[in-house]
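Sequential numbering of the sequence shown, starting at 2, is according to the numbering used here.
The beta-carbon is built from N, C-alpha and C at its ideal position, and this holds for glycine as well.
This structure is a prediction, so every number in the text was calculated from the model and none was measured.
The next block holds one structure in the form of structure tokens; read it before the comments.
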Amino acid sequence: MMLEEYGKRAKAAARALACAMTEEKNDALLMIAAAIEENAPAILTANAEDLENGRANGLSDALLDRLALNEARIAGIADSLRQVVQLPDPVGRVLEETVRPNGLRLRKIAVPIGVIAVIYEARPNVTADSAGLCLKSGNAVLLRGGKEAIRSNIALAQVMRAALEQTAIPADAIQLVTDTTHESAQALMHLNGYVDVLIPRGSKRLIQAVVQQATVPVIETGAGVCHVYVDKAANVEMAADIIENAKTSRPSVCNAAECMLIHRDIAAQALPVIAERLRAKHTVIRGDARVQSILNGACEAATQDDWGHEYGDYIIAARVVDSIGDAIDYIYQYSTGHSECIVTDDADAAAEFMRRVDAAAVYHNASTRFTDGGEFGLGAEIGISTQKLHARGPLGLRELTSMKYEIFGSGQVR
2 MMLEEYGKRA
12 KAAARALACA
22 MTEEKNDALL
32 MIAAAIEENA
42 PAILTANAED
52 LENGRANGLS
62 DALLDRLALN
72 EARIAGIADS
82 LRQVVQLPDP
92 VGRVLEETVR
102 PNGLRLRKIA
112 VPIGVIAVIY
122 EARPNVTADS
132 AGLCLKSGNA
142 VLLRGGKEAI
152 RSNIALAQVM
162 RAALEQTAIP
172 ADAIQLVTDT
182 THESAQALMH
192 LNGYVDVLIP
202 RGSKRLIQAV
212 VQQATVPVIE
222 TGAGVCHVYV
232 DKAANVEMAA
242 DIIENAKTSR
252 PSVCNAAECM
262 LIHRDIAAQA
272 LPVIAERLRA
282 KHTVIRGDAR
292 VQSILNGACE
302 AATQDDWGHE
312 YGDYIIAARV
322 VDSIGDAIDY
332 IYQYSTGHSE
342 CIVTDDADAA
352 AEFMRRVDAA
362 AVYHNASTRF
372 TDGGEFGLGA
382 EIGISTQKLH
392 ARGPLGLREL
402 TSMKYEIFGS
412 GQVR
């Protein structure tokens, strides 16, 4: 099918979906969740083929983990859809009401964006999460995943579309572009007149390619170069807990920590403790000269390329800094504006860091891994925006709406 045909079908589905009642959307989501669970064996079979191909093509363990589904992850996908059902419908919310001196009554309300396209890589859960959020927010979705997960994505899309055929929601509200060539991605980036906004999810290279080449509107989501700064007033065990979690719980995701900055006054005490935790999780440290000295060479030497690098793997950069100001300056230079953390028991230092660091999410004494739609109470997210318009941070239901003005008069003319 040509991309334009996908666009036409999505546009027609979006018109119908924009007028759907909340109950109709919720019933459709519940049907999809149940269908995904019922069809778990077929989905897992398709995913096993993707994993086999991924291993044959040399995908890293971290990327294979990102690609892998199992019964627990499929149950999690279904649960996420059910959580979206429980959230308020974002469409039709009254955002503002005013009455003008001439008697005109203005009401600003939330409305669907229309057709949302998502280009993403090897994470099949994105297929269901994106579809569920778009459906609840009244948007049709065009999904274009990577070749690594194509069988998994096809299986999920077929299950979701079949479920929609039993509901009041048109099946074309969810469409998967099965062509995974470079040409299909390019065509989607230029599908003006059909795509209202395009959201890329994946590597920095993918995101930048979309931002630079697309002619349709784009919401830039984050490559995640996330930092954890261990202040001189930090609790060392807490810092070790946070860095271990932020780096090793799922190193391939965008909210994983990629660099730790350690204040010089606590470095000799903290670094050995943190390093021992990371070594136990088979994580390589790439440190500057002061880190190497403290760890007696039990780490790799960092190069300039390690600063601001998104590894997506069991590797973390490390640097000793002289002050909180130096840490903040470093973050400004190398951050992608995703998630940044300070570990400290000094309330003033925490307040300074929270105030001065410019990122979508700024943490005090908590892992960056919480930057997630589900953890923020959004049910799920379609991506994490690192830009400032029109939304920033996890893109949940409310962020997938636009607005319009309704004006009520009694014959006023200008």
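So, for residue i: in the same chain, excluding its five sequence neighbours on each side, which residues have a beta-carbon less than 7 Å away from its beta-carbon?
| i | result |
| --- | --- |
| A34 | A79, L82, R83 |
| V358 | I329, I332, E341 |
| T402 | P91, V92, A111, V112, P113, I114, S138 |
| V1 | The requested residue 1 is not part of the displayed model; the chain covers only 2 to 415. |
| H283 | Y315 |
| K405 | I110, V112 |
| E311 | K205, A224, G225, V226, E259 |
| R94 | I110, A111 |
| L96 | K109, I110, A111, M404 |
| Y335 | V226, W308, G309 |
Can you check which of these residues, the options, is closest to residue i by C-alpha distance?
| i | options | result |
| --- | --- | --- |
| V211 | G298, H339, E341, A186 | A186 |
| G77 | L379, Q213, N126, L396 | N126 |
| A153 | C20, I120, T46 | Going by the sequence as given, residue 153 is Ser instead of Ala. Considering only alpha carbons, the answer is T46. |
| E122 | D173, L65, V274 | L65 |
| I263 | D51, A257, A271 | A271 |
| G410 | R108, N27, M3, G59 | R108 |
| V160 | T372, M32, D197 | M32 |
| R399 | D314, R280, A381, G8 | A381 |
| A367 | R356, E353, D346 | D346 |
| Q305 | S294, G313, I295, R320 | R320 |
| R10 | R56, E311, V142, I75 | V142 |
| D349 | I325, L70, R251 | I325 |
| H183 | L207, R280, A73 | L207 |
| A215 | P273, H191, H228 | H191 |
| K205 | T337, E38, L105 | T337 |
| L60 | L30, G313, I243, E245 | G313 |
| M2 | I120, L296, A188 | A188 |
| R145 | E38, L4, H365 | L4 |
| R251 | E72, N297, D62 | D62 |
| I75 | R101, R415, N103, A41 | A41 |
| T128 | R94, V95, G8, P201 | P201 |
| Q293 | L279, A57, P273 | P273 |
| A281 | N58, A17, T249 | T249 |
| E38 | L52, E72, A17 | E72 |
| H339 | V196, A362, R415 | A362 |
| I383 | I120, G8, P102 | I120 |
Would you please state the rounded distance, in angstroms, between the beta carbons of residue i and residue j? I believe it to be under 8 Å.
| i | j | result |
| --- | --- | --- |
| N140 | A15 | 6 Å |
| G223 | I385 | 5 Å |
| V226 | G309 | 6 Å |
| Q388 | I220 | 7 Å |
| L199 | A299 | L199 to A299, Cβ: 45 Å. No contact. |
| A240 | A247 | Rounded, the Cβ-Cβ distance is 10 Å, inconsistent with contact. |
| T369 | V229 | 7 Å |
| V116 | K12 | 6 Å |
| A1 | A351 | Past the boundaries of the shown model lies residue 1; the chain is included only from 2 to 415, so the question cannot be answered. |
| D130 | N256 | Incorrect: roughly 15 Å between the Cβ atoms, too far for contact. |
| A156 | A43 | 6 Å |
| I267 | V231 | 6 Å |
| L52 | G133 | Contact flag wrong, Cβ pair sits at about 24 Å. |
Any C-beta of chain C sitting closer than 8 Å to the C-beta of residue i?
| i | result |
| --- | --- |
| E122 | Of the chains in the structure shown, none is chain C; there is only one protein chain. |
Can you find the residues in the same chain that come closer than 6 Å, C-beta to C-beta, to residue i, ignoring five residues on each side of it along the sequence?
| i | result |
| --- | --- |
| A318 | C260, R287, A303, D307 |
| F354 | I343 |
| I275 | A241, I244 |
| N48 | L70, S153 |
| E166 | A172 |
| E25 | A169 |
Near residue i, what residues of its chain come up, given a Cβ to Cβ distance below 8 Å and the 5 sequence neighbours on each side ignored?
| i | result |
| --- | --- |
| G55 | L64, L65, L68, A123, E149 |
| L105 | I408, F409, G410, Q413 |
| D28 | T168, A169 |
| E6 | none |
| E50 | R152 |
| A269 | I295 |
| V100 | R106, L107 |
May I ask you to verify whether the segment 173–180 touches the segment 233–246, counting CB pairs closer than 8 Å and requiring at least 3?
Contact between the segment 173–180 and the segment 233–246 is absent: fewer than three C-beta pairs spanning the two stretches fall below 8 Å.
Contact between the segment 370–378 and the segment 391–407 is defined here as three or more beta-carbon pairs at a separation below 8 Å; is this criterion met?
Put simply, the segment 370–378 touches the segment 391–407. At least three CB pairs are less than 8 Å apart.
Would you call the segment 163–175 and the segment 13–28 touching, i.e. three or more CB-CB distances under 8 Å?
yes
At 3 residues or longer, what runs of the beta strand (DSSP E) sit wholly inside the segment 187–273?
Here the runs fully enclosed are 198–202, 227–231, 258–264.
Report the start-end ranges of each alpha helix (DSSP H) in the segment 96–141 that is 4 residues or longer and not cut off at the edges.
126–137
Counting only runs of 4+ residues fully inside the segment 11–94, write out the alpha helix (DSSP H) ranges in chain order.
23–39, 41–57, 62–68, 72–87
Is the number of C-beta pairs between the segment 88–106 and the segment 127–139 that are closer than 8 Å three or more?
yes
Entirely enclosed beta strand (DSSP E) segments - the segment 303–389, minimum 3 residues
Taking 3 residues as the minimum length, the beta strand (DSSP E) runs contained wholly in the segment 303–389 are 316–322, 340–344, 362–365, in order along the chain.
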